[in-house]
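Q: Under my numbering, read the sequence shown as residues 31 to 311, first letter to last.
Ideal Cβ positions, reconstructed from N, Cα and C, are used throughout, including at glycine.
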Amino acid sequence: MRLFQKRFFHLSLVLTLTLPAFSVSAVPFAVDGDLKDWINQPQGQATDWQPYKTNVFYSIEDQYKDFLNPGYGGQDYDAEAMYVAIDSGNLYITVVSGVDSSVIDWPPGDIAIDFGNDDTFEYGVVTYSDEDNSKGGIGSAGDFYEVSEWNYGIWEDDPNTGYSKNAHPTNIKSGEKKGEVPYSLNKAKWDGSQISKLGAYPTNSDDSHQHYVFETAIPLNLFDPNLLGQKFTVHWTMACANDWIEVDPVTVPEPPVTLLMGIGLAGMAMRKGLKRRQPDK
Numbered sequence: 031m032r033l034f035q036k037r038f039f040h041l042s043l044v045l046t047l048t049l050p051a052f053s054v055s056a057v058p059f060a061v062d063g064d065l066k067d068w069i070n071q072p073q074g075q076a077t078d079w080q081p082y083k084t085n086v087f088y089s090i091e092d093q094y095k096d097f098l099n100p101g102y103g104g105q106d107y108d109a110e111a112m113y114v115a116i117d118s119g120n121l122y123i124t125v126v127s128g129v130d131s132s133v134i135d136w137p138p139g140d141i142a143i144d145f146g147n148d149d150t151f152e153y154g155v156v157t158y159s160d161e162d163n164s165k166g167g168i169g170s171a172g173d174f175y176e177v178s179e180w181n182y183g184i185w186e187d188d189p190n191t192g193y194s195k196n197a198h199p200t201n202i203k204s205g206e207k208k209g210e211v212p213y214s215l216n217k218a219k220w221d222g223s224q225i226s227k228l229g230a231y232p233t234n235s236d237d238s239h240q241h242y243v244f245e246t247a248i249p250l251n252l253f254d255p256n257l258l259g260q261k262f263t264v265h266w267t268m269a270c271a272n273d274w275i276e277v278d279p280v281t282v283p284e285p286p287v288t289l290l291m292g293i294g295l296a297g298m299a300m301r302k303g304l305k306r307r308q309p310d311k
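(1) To the nearest angstrom, how far is the alpha carbon of ILE248 from that of LEU215?
(2) Please classify GLU110 as buried or exposed, where buried requires at least 16 other C-beta atoms within 10 Å of its C-beta.
(3) Might you give, ordered along the chain, the residues of its own chain that have their beta carbon closer than 6 angstroms to the beta carbon of ASP62, omitting 5 neighbours on each side?
(4) Would you call GLN240 buried or exposed, if buried means 16 or more other Cβ atoms sit within 10 Å of its Cβ?
(5) Can you list, in chain order, the residues of its chain with a C-beta nearer than 6 angstroms to that of ASP221? Leave out the 5 residues immediately preceding and following it.
(6) Among residues of its own chain, excluding the 5 on either side of PHE244, which ones have a beta-carbon nearer than 6 angstroms to its beta-carbon?
(7) Are the beta-carbon atoms belonging to GLU176 and GLY205 less than 7 angstroms from one another?
(8) Are the CB atoms of VAL129 and ILE141 nearer to each other than 7 angstroms?
(9) Sorted by chain position, which residues of the same chain lie with C-beta nearer than 7 angstroms to GLN260's C-beta, five sequence neighbours on each side aside?
(10) So, helix, strand or coil for PRO81, using DSSP?
(11) Out of curiosity, what's the CA-to-CA distance linking ILE225 and GLY74?
(12) Report the CB separation of VAL211 from VAL114 in whole angstroms; it is logged as a contact under 8 angstroms.
(13) What does LYS217 pair with, by DSSP beta-bridge criteria?
(14) Straight-line CA distance for ASN190 to SER223?
(15) Could you check which residue in LYS217, TYR153, PRO58 has the C-alpha nearest to that of SER118?
(16) DSSP three-state call for ASP135: helix, strand or coil?
(17) Report the three-state DSSP secondary structure of ALA142 (helix, strand or coil).
(18) Tell me which residue opens and which closes the beta strand (DSSP E) that HIS265 is part of.
(19) With 16 other CB atoms within 10 Å as the buried threshold, where does GLN71 fall?
(20) Keeping to the same chain, check which residues put their C-beta closer than 6 angstroms to that of ASP160; ignore five residues upstream and five downstream.
(21) Let me confirm a value: ASN120 is counted as buried when at least 16 other C-beta atoms fall within 10 Å, else exposed. Which label applies?
(22) For PRO249, name the three-state secondary structure that DSSP assigns.
(23) List the whole-angstrom C-beta distance separating GLY229 from TRP79, where the pair is believed to meet the contact cut-off of C-beta under 8 angstroms.
(24) In the structure shown, what three-state DSSP assignment does LYS208 receive?
(25) Check whether the Cβ atoms of ALA271 and GLY183 sit closer than 7 angstroms, and answer yes or no.
(26) Is the beta carbon of PRO138 closer than 7 angstroms to that of MET268?
Have a look at this one:
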């Protein structure tokens, strides 16, 4: 059974881009592997994972057993948490996992973004530089692609569990590079110091039981503007897809009252301007 928790969200990129003056205050997140931007100081409790900012959308799936669903591997392959936030300029994504780039057999997968929730995953951020294409991926860490084809893990569709292979892309197989984005892969820190305890399950001192943080900030102008009004999913897994995590928009909440007021005022101003410019009869 997956230990899964998520907050519903609708990231309305169109409103964010077109009405920045009426949007919620900007969300500053440094791309540096420091979780202080997202969570309070960890105390070795399950509640450590909870974000303290109300405008953060998240999923928590911290485990400690060997079986992760659909695969195995324990902490070394555990996808533990994902945090997503947005401001008028960027989409911020942070993934916490037991996987890091030293796991050569099955390195970290790329961050995948699916507009329309149809498993097409139009965009991706490279997390692992696979320069020789030995794992089937392309690009260098921090490259942002409009993706034409994905690689997938070792697990096939399973009607008994509902697992769908196409819903869990691993790394980018082909596509068009749209740019380079801020990206960081580091051992988890909090306020500059390495974290010794995070969540309810203890970690060991060796590297295989540490927490690693993948962070990126994607400028919104890199996305196709025709997709920006759609709901979407942010997804991550490792190259084998033994475990996975995502934040997805299940419902569309009503916009804040202040935003509605701003839209109304903008509409009134536009109507007045049009009336002034009408020619005399």
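A: Working from what's here:
(1) Start at 1 with the first residue of the sequence shown, and residue 248 comes out as number 218. Start at 1 with the first residue of the sequence shown, and residue 215 comes out as number 185. C-alpha separation (whole angstroms): 15 angstroms.
(2) As a first step, residue 110 is located in the sequence shown; it is residue number 80 there, counting from the start. Label assigned to GLU110: buried.
(3) Counted from its first residue, the sequence shown places residue 62 at position 32. Excluding positions up to five away in sequence, the list reads SER214.
(4) Position 210 of the sequence shown, counted from the first residue, corresponds to residue 240. With 16 or more other Cβ atoms within 10 Å, it is buried.
(5) As a working mapping, residue 221 is identified with position 191 in the sequence shown. Correct list, in chain order: LYS66.
(6) Stepping through the sequence shown from its first residue, residue 244 is reached at position 214. Only VAL125, THR157, LEU215 meet the Cβ criterion.
(7) Here residue 176 refers to the residue found at position 146 when the sequence shown is read from its first residue. Here residue 205 refers to the residue found at position 175 when the sequence shown is read from its first residue. Cβ distance < 7 angstroms, so GLU176 and GLY205 count as in contact.
(8) Translated into the one-based positions of the sequence shown, residue 129 becomes position 99. Translated into the one-based positions of the sequence shown, residue 141 becomes position 111. Result no, Cβ atoms of VAL129 and ILE141 do not sit closer than 7 angstroms.
(9) Within the sequence shown, the letter at position 230 stands for residue 260. Around GLN260: PHE145, GLY146.
(10) For the purposes of this step, residue 81 is taken as the residue at position 51 of the sequence shown. Here PRO81 sits in strand by DSSP.
(11) If you number the sequence shown from 1, residue 225 lands on position 195. If you number the sequence shown from 1, residue 74 lands on position 44. Taking the straight line from one Cα to the other gives about 10 angstroms.
(12) As a first step, residue 211 must be located in the sequence shown, where it is residue number 181. As a first step, residue 114 must be located in the sequence shown, where it is residue number 84. Their Cβ separation, rounded to whole angstroms, is 15 angstroms, which puts VAL211 and VAL114 out of contact at 8 angstroms.
(13) Position 187 of the sequence shown, counted from the first residue, corresponds to residue 217. For LYS217, which the question treats as bridged, DSSP gives the partners TYR242.
(14) In the sequence shown, residue 190 corresponds to position 160, counting from 1. In the sequence shown, residue 223 corresponds to position 193, counting from 1. Near 44 angstroms, if we compare the C-alpha coordinates of SER223 and ASN190.
(15) What you label residue 118 is simply residue 88 of the sequence shown in a count that begins at 1. Considering only alpha carbons, the answer is PRO58.
(16) Here residue 135 is taken as the residue at index 105 of the sequence shown, counted from 1. Note: ASP135 maps to coil in three-state DSSP.
(17) For the purposes of this step, residue 142 is taken as the residue at position 112 of the sequence shown. Note: ALA142 maps to strand in three-state DSSP.
(18) Counting from 1 along the sequence shown, the entry for residue 265 is found at position 235. From DSSP, the beta strand (DSSP E) with HIS265 extends over 262-267.
(19) For the purposes of this step, residue 71 is identified with residue 41 of the sequence shown, where counting begins at 1. Answer is exposed; the Cβ neighbour count stays below 16.
(20) For the purposes of this step, residue 160 is taken as residue 130 along the sequence shown, with counting starting at 1. Result list for ASP160: GLY167, in chain order.
(21) Taking the first residue of the sequence shown as 1, we reach residue 120 at position 90. Looking at its Cβ environment, which holds 16 or more other Cβ atoms inside 10 Å, ASN120 is buried.
(22) Within the sequence shown, residue 249 is the residue found at index 219, counting from 1. Looking at PRO249 - three-state DSSP - the assignment turns out to be strand.
(23) The count along the sequence shown starts at 1 and reaches residue 229 at position 199. The count along the sequence shown starts at 1 and reaches residue 79 at position 49. So it is a contact: roughly 6 angstroms between Cβ atoms.
(24) The sequence position of residue 208 within the sequence shown is 178, counting from 1. In the structure shown, LYS208 sits in a strand (DSSP, three-state: E or B).
(25) Taking the sequence shown and counting its residues from 1, one reaches residue 271 at position 241. Taking the sequence shown and counting its residues from 1, one reaches residue 183 at position 153. It is a contact, given that the beta carbons lie within the stated cut-off.
(26) Counted from its first residue, the sequence shown places residue 268 at position 238. Counted from its first residue, the sequence shown places residue 138 at position 108. Against a cut-off of 7 angstroms, the Cβ pair of PRO138 and MET268 comes out as a contact.
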